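S.K.: Can you keep this structure in mind? I'll have questions shortly.
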Amino acid sequence: MNYSLENFCMDTKASLLSNPGSSGRKAVRAHLEKLLLNEAFIAEFLETQNRGKRVLYHDPETDFYVNAHGTDEGKRKGKPHDHGQSWAVYGQATGLTNMTVWDRTDDGSDPDLAQISERETFPLTPGKAALFDTGIIHSTAHPTAARWVRVTGTNLDLIERYAYDPERHRKIRMRPSL
Ligand SMILES: [Fe+2]
150 MNYSLENFCM
160 DTKASLLSNP
170 GSSGRKAVRA
180 HLEKLLLNEA
190 FIAEFLETQN
200 RGKRVLYHDP
210 ETDFYVNAHG
220 TDEGKRKGKP
230 HDHGQSWAVY
240 GQATGLTNMT
250 VWDRTDDGSD
260 PDLAQISERE
270 TFPLTPGKAA
280 LFDTGIIHST
290 AHPTAARWVR
300 VTGTNLDLIE
310 RYAYDPERHR
320 KIRMRPSL
């Protein structure tokens with residue numbers, strides 16, 4: 150039997166309840182790679198997601214969200230950003246996400262300064278998932294059309310988090326994408 154969205158949500162809830170720290174989130178990453186093997190799930194929930202995002206599930210007890218994301222644009226590059234006090238697991242369904250992880254290189258003592266430098270870039274290919282734990286700064290690039298799933302610890306639109314401008318050495322408070 151295929152590993153369904155319902156199976157994924159149940160396993161994710163169980164992992165987050167039994168392991169509230171990093172190890173629970175690593176388990177979520179592994180569960181998501183199982184879900185991404187389910188072609189019927191991708192056909193039903195991702196194929197039509199040609200832009201923006203859609204909530205597929207929210208767990209009221211642990212507050213995690215499962216979102217479908219997509220773009221048909223191509224040559225799309227996002228700003229470096231954090232996920233505030235939350236975390237995010239990205240899982241690729243179709244196409245490619247080039248993921249870049251950034252290091253914060255200043256000590257945070259100057260409120261007007263935020264310096265970051267690139268640590269690594271890796272391709273997230275279909276079937277693969279990656280965890281960006283609390284405090285990690287990353288950016289995404291989609292050279293072609295792509296579909297992906299993002300699981301977050303809470304609603305990122307409701308928490309304090311920042312985008313970063315590596316050229317101007319600034320961080321900018323991210324506003325809800327209503
Ligand atoms: Fe992100």
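Quick note: to get our numbering, add 149 to the position in the sequence shown (first position is 1).
Backbone N, C-alpha and C define an ideal beta-carbon position, used for all residues, glycine too.
If you're wondering where the values come from, they're calculated on a predicted model, not measured in any experiment.
Ordered along the chain, which non-local residues of its own chain (more than five positions away) have a Cβ less than 6 Å from that of Q264?
M.R.: Position 115 of the sequence shown, counted from the first residue, corresponds to residue 264. Excluding residues within five positions, the ones whose Cβ falls inside 6 Å are T254, D255, H318.
S.K.: For P169, count the other beta carbons within 10 Å of its own beta carbon; 16 or more makes it buried, fewer makes it exposed. Which is it?
M.R.: Here residue 169 refers to the residue found at position 20 of the sequence shown. By the 10 Å Cβ count, P169 comes out exposed.
S.K.: Judging by CA-CA distance, which residue of A237, D282, L305 is the nearest neighbour of W297?
M.R.: Locating residue 297 in the sequence shown gives position 148, counting from the first residue. Taking only the C-alpha atoms, the option nearest W297 is A237.
S.K.: Closer than 7 Å: is that where the CB of F271 sits relative to any heavy atom of ligand 1?
M.R.: Counting from 1 along the sequence shown, the entry for residue 271 is found at position 122. The answer is no for F271.
S.K.: Just curious, the beta strand (DSSP E) that M248 is in, first and last residue?
M.R.: Counting from one through the sequence shown, the residue named residue 248 turns up at place 99. Residues 246-253.
S.K.: Go ahead and label Q234 buried or exposed: buried means 16 or more other beta carbons lie within 10 angstroms of its beta carbon, across all protein chains shown.
M.R.: The residue labelled residue 234 in the question sits at position 85 within the sequence shown. So Q234 ends up on the exposed side.
S.K.: With hydrogens ignored, establish whether the beta-carbon of F281 is closer than 7 Å to any heavy atom of ligand 1.
M.R.: As a working note, residue 281 is residue 132 in the sequence shown. At least one heavy atom of ligand 1 is nearer than 7 Å to the Cβ of F281, so yes.
S.K.: Under a Cβ-count criterion, where at least 16 other Cβ atoms within 10 Å of its own Cβ denotes burial, should L321 be classed as buried or exposed?
M.R.: Translated into the one-based positions of the sequence shown, residue 321 becomes position 172. It should be pointed out that residue 321 corresponds to Ile in this sequence rather than to Leu. Exposed is the call here.
S.K.: Kindly indicate which three-state DSSP category N156 falls into: helix, strand or coil?
M.R.: Within the sequence shown, numbered from 1, the residue matching residue 156 stands at position 7. Of the three classes helix, strand and coil, the one that applies to N156 here is helix, per DSSP.
S.K.: Restricting to Cα atoms, I'd like to know which of T293, L181, M159, P260 is closest to R299.
M.R.: Taking the sequence shown and counting its residues from 1, one reaches residue 299 at position 150. For R299, the nearest C-alpha among the options comes from L181.
S.K.: Is the beta carbon of S288 sitting closer than 8 Å to the one on T249?
M.R.: Locating residue 288 in the sequence shown gives position 139, where the first residue counts as 1. Locating residue 249 in the sequence shown gives position 100, where the first residue counts as 1. Yes; because the gap between Cβ atoms is below 8 Å, this pair is in contact.
S.K.: Taking the Cβ atom as the reference point for each residue, do P292 and K224 lie within a distance shorter than 8 Å?
M.R.: Within the sequence shown, numbered from 1, the residue matching residue 292 stands at position 143. Within the sequence shown, numbered from 1, the residue matching residue 224 stands at position 75. Yes, Cβ-Cβ distance for P292 and K224 is below 8 Å.
S.K.: Could you tell me whether any non-hydrogen atom of ligand 1 is closer than 7 Å to the CB of A237?
M.R.: On the sequence shown, position 88 is the one that residue 237 refers to. Yes, since a heavy atom of ligand 1 falls inside the 7 Å radius drawn around the Cβ of A237.
S.K.: Comparing the CB of H218 with every heavy atom of ligand 1, is any distance shorter than 7 Å?
M.R.: Position 69 of the sequence shown holds residue 218. Taking 7 Å as the cut-off, the C-beta of H218 does not count as close to any heavy atom of ligand 1.
S.K.: Quick one: is P402 buried, meaning 16 or more other Cβ sit within 10 Å of its Cβ, or exposed?
M.R.: Only positions 150 to 327 of the chain appear in this structure, which leaves residue 402 out of reach.
S.K.: Measuring from the CB of H318, is there a heavy atom of ligand 1 at a distance below 7 Å?
M.R.: Taking the sequence shown and counting its residues from 1, the one referred to as residue 318 is at position 169. Because no heavy atom of ligand 1 lies under 7 Å away, the Cβ of H318 does not count as near it: no.
S.K.: Using the DSSP secondary-structure output, state which residues sit across from G240 in a beta bridge.
M.R.: For this step, residue 240 is matched to residue 91 along the sequence shown. Per DSSP, A278, V298.
S.K.: Quick check on the DSSP output: what are the complete alpha helix (DSSP H) runs of length 4 or more inside the stretch 153-233, in order along the chain?
M.R.: 154-167, 171-184, 188-194
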